[in-house]
Each structure stands twice: as structure tokens, then as C-alpha cells.
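A.B. asks: For the sequence shown, my numbering gives the first residue as 158, with consecutive numbering after it. Using N, Cα and C, we set each Cβ at its ideal position, and we do this for glycine too.
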Amino acid sequence: GYCYSTYVSQGGAYKTTNAGASWFKFIIPNTNEELHSISFVNENTGWLSIEHSPNLVYKTTNGGGVWNTYNIGKSFNKPFFLNENTGWIVDDSVYKTTNGGINYFGAGIVPDLIYDYGFFNENSGWAIFYGQMHLTSNSGAAWNLVSNATANSQLVTAKFWNSSTGIAMGEHGFITKTT
């Protein structure tokens, strides 16, 4: 498994091969900034973004042994990859890649401040915009509101296993599940 920490003294990306009994810290080239996010699609291929390097994405194809840097010329939030070729980056717009993150093209707009997002397949995905759950069926070109924030909590993150099963978490310990 993989994880990352943004805490300055412990910041970095980590890998475990023994269910978390021990962790190996990756060396990220030419940066001592905080990590922003990490996305792995298998044990070898992953991407990460750095907090104060908005145009750079780092990619590994050997489990974190070597990280290649790509300047994609766009400021973005976190990368999300469905497989080794298909992925998205999001900021004020949605950008998609079909060649492993080398090039990106505009796929849509973002209706509000994005907290978290992901995709089920090459077209259908979910996003939490300013505490509310939205779905897309056209790779992010348009988003449909499916869940308002509750009176006491705004959604902040989610995890989906497929297009109908997932959990969403919000402020103040709020957790909801859909099946």
C-alpha cells in the first residue's frame, strides 16, 4: 500500500509491502515541499503532486524507485488515475489524459470549490464540490448535484468501490454509505 504525509518533518510518500508493519519513504527529486496527493493504480505505477509546485506532477513506473517530473503547464488539485493511461487533474477546470499523464486536454469545468473526486470508468465519476456530492457521466464536462450537505455537516471526502457502492465523510464525524 501507499500513503503520504503533509506534516513538514515527516512529509513524504511511503510504501509498505507487509500490510503496514514497516514503511519505506520515497525520495522525491528536487523538492522539499509538502505533498498534496498521491494516486497509485497498481504496485508500480503512481502519480503525486506537490503543494507549492502547481504545474508539476511526478510519476513512477517502478514502485517509487524513480520519480519522473512532468511540467503539465496547468495548476491543479490532486491527480486521479483509473489505470496506467487514463487520469484526471482538477482545479478550476477538469483535464483528462489518455497517455499516462504526459498530455492533458480540457474535459469540463468545475462548478465550485472541489474537495475530492474520482471516476468509476472513463466517463462516469463523482466529486464533492463545496460539501455537496455531484456525479458526471461525460468525463467531467457537466456535473449533476445528487446530495446536499446536511444541516450539521458538509461532505469533505469519499471512497467508491463501484458506481453504486461508496461511503462519504463530512465534518463533525458525519459518515454516510450508499449501496
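Using beta-carbon positions only, say whether TRP283 and GLY323 come within less than 9 angstroms of one another.
C.D. replies: Yes.
A.B. asks: Looking only at its own chain, which residues have a Cβ that is under 7 angstroms from the Cβ of PHE277, when we skip the five neighbours before and after it?
C.D. replies: PHE317, ASN319, SER320
A.B. asks: Would you call ILE266 buried or exposed, if buried means 16 or more other Cβ atoms sit within 10 Å of its Cβ?
C.D. replies: exposed
A.B. asks: Let me know the secondary structure DSSP gives GLY297 once reduced to three states.
C.D. replies: coil
A.B. asks: Output the distance between the C-alpha atoms of SER179 and VAL223, rounded to the nearest integer angstrom.
C.D. replies: One C-alpha to the other measures close to 20 angstroms.
A.B. asks: Out of ILE229, SER294, SER281, state which residue places its alpha-carbon closest to the alpha-carbon of PHE262.
C.D. replies: ILE229
A.B. asks: If you reduce the DSSP assignment to three classes, tell me which class GLY330 lands in.
C.D. replies: helix
A.B. asks: Please determine, among ASP269, ASP248, SER296, TYR171, the residue with the shortest C-alpha to C-alpha distance to LEU239.
C.D. replies: Nearest C-alpha to LEU239: SER296.
A.B. asks: What are the boundary residues of the beta strand (DSSP E) that includes ASN199?
C.D. replies: It is not in any beta strand (DSSP E) - ASN199 carries neither H nor E in the DSSP assignment.
A.B. asks: In whole angstroms, what is the alpha-carbon distance linking ASN256 and GLU241?
C.D. replies: 8 angstroms
A.B. asks: Measuring only the C-alpha atoms, how far is TRP300 from MET326?
C.D. replies: 20 angstroms
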